[in-house]
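There are 2 protein chains.
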Amino acid sequence: MTQPEPGRSGGAVPARPPRAVTIHDVAREAGVAASTVSRAFTNPQRVNTRTREYVLGVAERLGYRPNPHARALPTGRTRTIALLVPDITNPHFFNLIRGAERQASTAGYTLVLGDTEESPERELRHIERLAPAVDGFLLASSRLSDEQIREVSGRHPVSLANRELEGIPSVVANQYDGSRQIIEHLASLGHRSVAYLSGPRHSWMGQWRWRALADAARQIGLTAARLGPFPPYVTGGAAADAGLGHGATALIAHNDLLAIGVLRRLAERGVAVPDDISVVGYDDIFGADFCSPPLTTLAGPLENAGRTVVDGLLEKLDRVPSRDHPPYRVRLPTHLVIRGSSGPTPRAGGPP
Amino acid sequence: MTQPEPGRSGGAVPARPPRAVTIHDVAREAGVAASTVSRAFTNPQRVNTRTREYVLGVAERLGYRPNPHARALPTGRTRTIALLVPDITNPHFFNLIRGAERQASTAGYTLVLGDTEESPERELRHIERLAPAVDGFLLASSRLSDEQIREVSGRHPVSLANRELEGIPSVVANQYDGSRQIIEHLASLGHRSVAYLSGPRHSWMGQWRWRALADAARQIGLTAARLGPFPPYVTGGAAADAGLGHGATALIAHNDLLAIGVLRRLAERGVAVPDDISVVGYDDIFGADFCSPPLTTLAGPLENAGRTVVDGLLEKLDRVPSRDHPPYRVRLPTHLVIRGSSGPTPRAGGPP
DNA sequence: TTGAAAGCGCTAACAG
DNA sequence: CTGTTAGCGCTTTCAA
Chain A
32 MTQPEPGRSG GAVPARPPRA VTIHDVAREA GVAASTVSRA FTNPQRVNTR TREYVLGVAE
92 RLGYRPNPHA RALPTGRTRT IALLVPDITN PHFFNLIRGA ERQASTAGYT LVLGDTEESP
152 ERELRHIERL APAVDGFLLA SSRLSDEQIR EVSGRHPVSL ANRELEGIPS VVANQYDGSR
212 QIIEHLASLG HRSVAYLSGP RHSWMGQWRW RALADAARQI GLTAARLGPF PPYVTGGAAA
272 DAGLGHGATA LIAHNDLLAI GVLRRLAERG VAVPDDISVV GYDDIFGADF CSPPLTTLAG
332 PLENAGRTVV DGLLEKLDRV PSRDHPPYRV RLPTHLVIRG SSGPTPRAGG PP
Chain B
32 MTQPEPGRSG GAVPARPPRA VTIHDVAREA GVAASTVSRA FTNPQRVNTR TREYVLGVAE
92 RLGYRPNPHA RALPTGRTRT IALLVPDITN PHFFNLIRGA ERQASTAGYT LVLGDTEESP
152 ERELRHIERL APAVDGFLLA SSRLSDEQIR EVSGRHPVSL ANRELEGIPS VVANQYDGSR
212 QIIEHLASLG HRSVAYLSGP RHSWMGQWRW RALADAARQI GLTAARLGPF PPYVTGGAAA
272 DAGLGHGATA LIAHNDLLAI GVLRRLAERG VAVPDDISVV GYDDIFGADF CSPPLTTLAG
332 PLENAGRTVV DGLLEKLDRV PSRDHPPYRV RLPTHLVIRG SSGPTPRAGG PP
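Sequences listed follow chains A and B, in order.
Per our numbering, residue 32 is the first one in the first sequence, and the count goes up by one each step.
Per our numbering, residue 32 is the first one in the second sequence, and the count goes up by one each step.
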C-alpha cells in the first residue's frame, strides 16, 4: 500500500504553496520598496546600515532566496560555469573535476558538467547549447583546434586546462619538464631506445608530450619513436604489440589508462615488466599505484589544476573590460613517481 | 609579446555586440508577433505549418537561441537538474554520473553536479543553494536520514539512487540478491566464518548489505560478523587488521575502494590472498580487475542506474499532478564477478 | 538614502 | 491561427 505523496493536498504534510518568497514579500513585510531589498543584497553599502540590517533580518525570517534566473535576466550574469571534459569516466579528470567544483562552489558559482566523449563536434554542440545558460566555459583537454578555441573564446569567456593558447587563461601541468624527467629516468636505467605510444590525434597535450620526449631524447642521445595513435583507454592494449614490434626497451604511454592496458597485454603475452620491457605513463591516476606492477608515471596536481582553471575564468569574468591585463597563464609543476614498471634495460645476452 | 585579446575593440576580431538575438529580433525579421515565434518553438502544433516553418527558418538564419533564464521565469521550469554525490572522486560514481549526464542531455536537460563530501550538512546546504536554480534533485547514495529525505522531497522533486523510500522514485542495484550470491560463493569455497567490513554509518546501502549478508549467512549456516565502521576509501586498510583479529576466513568489504585498501594492507602484513584469507568487494569499480589479486566483487549496471535515476525524476516532473501514479521504483540486477581474491578456505593443518 | 518605473527575454491567457 | 497584453523576480537608472 502506497502512502499519499507528500506535498499533495490531503496528505499528512500540509501542501504549502510552491511559490517561493520573493523580494516583494520581503519589501512588504519590511515596509520598504522592493528596490531597497534588492540593494540590501547586491549593493549593501548603498543602503542605510539600519534599514539594511532590518531588511536582511526580515528576508532571513521569511526564508527568502534570490531567484538566480530572475537575477540573470537583467544582469546577464548567471553565476554558473560549465566544465567540459572529453571523458567523464577517465580517472584523470576526477580530481580536476573535484577541484573545479570546490573552487566554483566557494566563489558562489554553480558548476555544470559536460562530457564531450572525445568528439570536437559534441564539444561545440555542448558549448552552443550551454552558452545562454552559463557565464563561461572551462575546457579541459579540449579536442578542438586552436582555430575553433579562438572562435569560441571570441564569443564566450573561456579558461583552458591542459592546453595553452595565446591570450586565453590556461593551466597546464608542466609536461615539458616532466617528459624530460621520464627520459632521464629511463636513460639512467640504461635504455637507449624508447617508444611513445600516442593518444588521440587532436590531443594538444599528446603533441607536447611527444615533442618534449623527442627533444630530451635527442639531447641525451637516445632514440625515440612515436607509435600510434591509440585509443587512450585501458582497451588500447594493441599499443603494446606495436611497441614490442618496434623493439624499444621502454614504452611511454600517452596516459595511465593506456599504460595499464599495455601492462595487461604484456602480461598476456608473457612479457615481463620491467625485466623485459619498461612501461611509463602520464597522470598518476587512481589505480596506477596498485596495478601490477605498479606504474611509474608522471604526476601532476590535478585538483589544484581544477581550482586554478576556475580562477582563470573568474578572473576573466570579473576583470574590468577596459583595462589591459596579462592573460592568466599557469604552469603547475609535475614530478615523476617511480614505481615498479620501470627498471634496468634487459641485457642482450644471459648473465656474463 | 601578447597579441590583442579577441573580442575587444581594437583587436583583429571585430567586437560583435554581445547582445544575443532574441525572440523579438526574429519576430521583426519574420514580420510576425513575438508570441508567434515563442509558440513556434514551444507549441508548434498551435501555429500554421507554413508560418511555423518560415519563422523557424528565420530564427535559424539569425542564429536565435532561446534564453533559458528568461524561459524559466514565467514557467518556473529551468530544464536543469542537480546530481548530488557523496564523493566525486569515487570511481563508483563515474559511470553513474556519465549515465545521468547522457540521459539528462538527451532529454534536453542540463546536469549540475554537487559533491557533498560524505556530509549530510553539506548535502542539505547544496540542496538549499541549488533549489531555486533547478527543477529537481538526483540524490545518489544520500547521507541524509529518511526524515530529511522526506522533507526535501516534500519541497522539491527528488529521485534516489542507491536508496529506497516509500513514495519517492528510486533505483538501486539489487544488493539483497547480490549479497546472497557472495555468501553462496564463499560457502561453496568452504568458508564458515565471514566478516563484513562496514562503511559509513549513514550508508543506507551498507545497512542493506549487512542485513542481506546476515540473512543469507544464517540460512546457509555460516557465521557472519559486522566490523567497523571504516572509511570507505583505499585508506581504510585498518579494516584488514580488524578482520584478521576477528579470525574470519573471508572478508567482505563495504565497497571496492575499501577492499583494495584491505588487499594492500594484507600484502604489507604478508598475508596471502586468497590462500590465507579471501576478500570480496562491492561495485566492480575501475581498477577492481587489475589490482592484485584481481578483486572478486558484486557488479551492478551503474551507467544504467544513472540513466534510470534521471528517468525517475523526469517522469515525476512531467507527471500530471492530479493523477495518482505508482512511484517509479527500479531494482537493477547485480552479478558476482569472480576473480582472484576469493578462494578455498585455508586448511587448518598442513597437507594431509 | 530611498522609491518609482522601466525593462531583461520569454510565456500564457485572452481577444479577435 | 495570430496579435496584444500582462506579468515571472530581479536590477538599475532616474528622481525625489
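A virtual CB, placed ideally from N, CA and C, is assigned to each residue, including glycine.
For this session: Would you identify the three-state DSSP class for B/Y207, choosing helix, strand or coil?
Result: Reduced to three states, the DSSP call for B/Y207 is helix.
Exercise. At a Cβ threshold of 8 Å, is B/E132 touching chain A?
Worked result: Yes, B/E132 counts as interfacial toward chain A.
Exercise. Exposed or buried, A/R47, counting other C-beta atoms within 10 Å across all chains shown (16 or more means buried)?
Worked result: Because A/R47 carries a pLDDT of 38, less than 50, the predicted location of this residue cannot be relied on, and the following value inherits that uncertainty. Its Cβ having fewer than 16 others within 10 Å, A/R47 is exposed.
For this session: For the beta strand (DSSP E) containing A/R360, list its first residue and its last residue.
Result: Run containing A/R360: 360 to 363, per the beta strand (DSSP E) assignment.
For this session: Tell me, please, whether the CB atom of A/H465 is closer than 8 Å to any CB atom in chain B?
Result: This structure cannot settle anything about residue 465 of chain A, because the visible part of chain A is limited to 32 through 383.
Exercise. Residues bridged to A/D349 by DSSP?
Worked result: A/D349 is not bridged to any residue.
Problem set entry | Closest residue to B/G107 among A/A51, A/P325, A/I180 (Cα-Cα distance) | The shortest Cα separation from B/G107 among A/A51, A/P325, A/I180 belongs to A/A51.
Exercise. If we ignore side chains and look at the alpha-carbon of each, how far apart do A/L367 and A/P325 end up?
Worked result: Their backbone Cα atoms lie some 13 Å apart in a straight line.
Exercise. What are the start and end residues of the beta strand (DSSP E) that includes A/I112?
Worked result: Residue range 111 to 116 is occupied by the beta strand (DSSP E) that includes A/I112.
Exercise. So, are the CB atoms of B/R362 and B/N205 less than 8 Å apart?
Worked result: Yes, these two residues count as a Cβ contact at 8 Å.
For this session: Could you name the residues of chain B that A/V143 contacts, counting a contact when the two beta carbons are closer than 9 Å?
Result: When 9 Å is used as the limit between beta carbons, A/V143 is near these residues of chain B: T111, T141, L142, V143, L144, in chain order.
Exercise. Cα-Cα, which of B/T53, B/R83, B/D56, B/E60 is closest to B/T67?
Worked result: The shortest C-alpha to C-alpha distance from B/T67 to any of B/T53, B/R83, B/D56, B/E60 is the one to B/R83.
For this session: Measure from the C-beta of A/N126 to each C-beta in chain B and report whether the shortest distance is under 8 Å.
Result: Taking Cβ atoms only, chain B reaches closer than 8 Å to A/N126, which makes this a yes.
For this session: Could you list which residues in chain A have their beta carbon closer than 8 Å to that of B/L161, in chain order?
Result: Under the 8 Å cutoff, chain A gives T141.
Problem set entry | Element boundaries [alpha helix (DSSP H), containing B/D272] | Per DSSP, the unbroken alpha helix (DSSP H) holding B/D272 starts and ends at 269 to 277.
Exercise. Going along chain A, which residues have a C-beta under 7 Å from B/L282?
Worked result: Within 7 Å Cβ-Cβ: nothing; B/L282 doesn't reach chain A, min ~17 Å.
For this session: Put B/H366 into one of helix, strand or coil per three-state DSSP.
Result: Looking at B/H366 - three-state DSSP - the assignment turns out to be strand.
Problem set entry | Same chain, Cβ closer than 8 Å to A/D56, five either side skipped, listed in chain order | Cβ neighbours of A/D56 beyond the five flanking positions: L93, Y95.
Exercise. Is the stretch 283 to 297 of chain A in contact with the stretch 259 to 273 of chain A, if contact means three or more CB pairs nearer than 8 Å?
Worked result: Between the stretch 283 to 297 of chain A and the stretch 259 to 273 of chain A there are three or more C-beta pairs closer than 8 Å, enough to call the two in contact.
Exercise. At what residue ranges does the stretch 226 to 309 of chain A contain a whole run of the beta strand (DSSP E), taking only runs of 3 or more?
Worked result: Within the stretch 226 to 309 of chain A, the runs of beta strand (DSSP E) at least 3 residues long that lie entirely inside it are, in chain order, 254 to 258, 281 to 284.
Exercise. How about A/F321: is its C-beta nearer than 8 Å to some C-beta of chain B?
Worked result: Chain B contact via Cβ: present.
Problem set entry | C-beta atoms of B/P260 and B/R242 nearer than 8 Å | Not a contact, by the Cβ cut-off of 8 Å.
Exercise. Excluding five sequence neighbours on each side, which residues of the same chain lie with their C-beta closer than 8 Å to the C-beta of A/S353?
Worked result: In this prediction, A/S353 has a pLDDT of 45, which is less than 50 and means its spatial position is unreliable; what the coordinates show is noted afterwards. Correct list: empty, nothing qualifies.
Exercise. Hey, is A/T53's beta-carbon within less than 8 Å of any beta-carbon in chain B?
Worked result: Using beta-carbon distances, A/T53 does not count as an interface residue toward chain B, since no partner is under 8 Å.
Exercise. Measuring CA to CA, which of B/G312, B/P375, B/R360, B/L348 is closest to B/G167?
Worked result: Nearest to B/G167 by alpha-carbon distance, out of B/G312, B/P375, B/R360, B/L348, is B/L348.
Exercise. Does DSSP put B/T141 in a helix, a strand or coil?
Worked result: DSSP, read as helix, strand or coil, puts B/T141 in strand.
Exercise. Touching or not, the stretch 146 to 163 of chain B and the stretch 332 to 343 of chain B, by the rule of three or more beta carbon pairs under 8 Å?
Worked result: Not touching, per the Cβ criterion.
Problem set entry | For B/D177, three-class secondary structure by DSSP | Helix at B/D177.
Problem set entry | Coil, strand or helix - B/L220 by DSSP | DSSP places B/L220 in coil when its eight states are reduced to three.
Exercise. Between the beta-carbon of B/L196 and the beta-carbon of B/R181, is there less than 8 Å?
Worked result: Yes, the pair counts as a contact, with Cβ atoms nearer than the cut-off.
For this session: With DSSP collapsed to three states, give me the class of A/T328.
Result: Three-state DSSP puts A/T328 in a strand.
Exercise. Within the present structure, is the beta-carbon of B/E334 separated from the nearest heavy atom of the ligand HEM by less than 7 Å?
Worked result: For the ligand HEM, the structure offers nothing, since it holds no ligand at all.
Problem set entry | Sequence-distant residues of its chain with Cβ nearer than 6 Å to B/V340 (five each side left out) | Result list for B/V340: L169, S190, A192, V202, in chain order.
Problem set entry | Amino acids of chain B, ordered along the chain, whose beta-carbon sits closer than 8 Å to that of A/R96 | Those are E159, A162, P163, listed as they occur along chain B.
Exercise. Closest Cβ-Cβ distance between B/I180 and chain A: below 8 Å?
Worked result: Using beta-carbon distances, B/I180 does not count as an interface residue toward chain A, since no partner is under 8 Å.
For this session: Step through the CB atoms of chain A and report whether any lies within less than 8 Å of the CB of B/F317.
Result: Yes, its Cβ sits closer than 8 Å to a Cβ of chain A.
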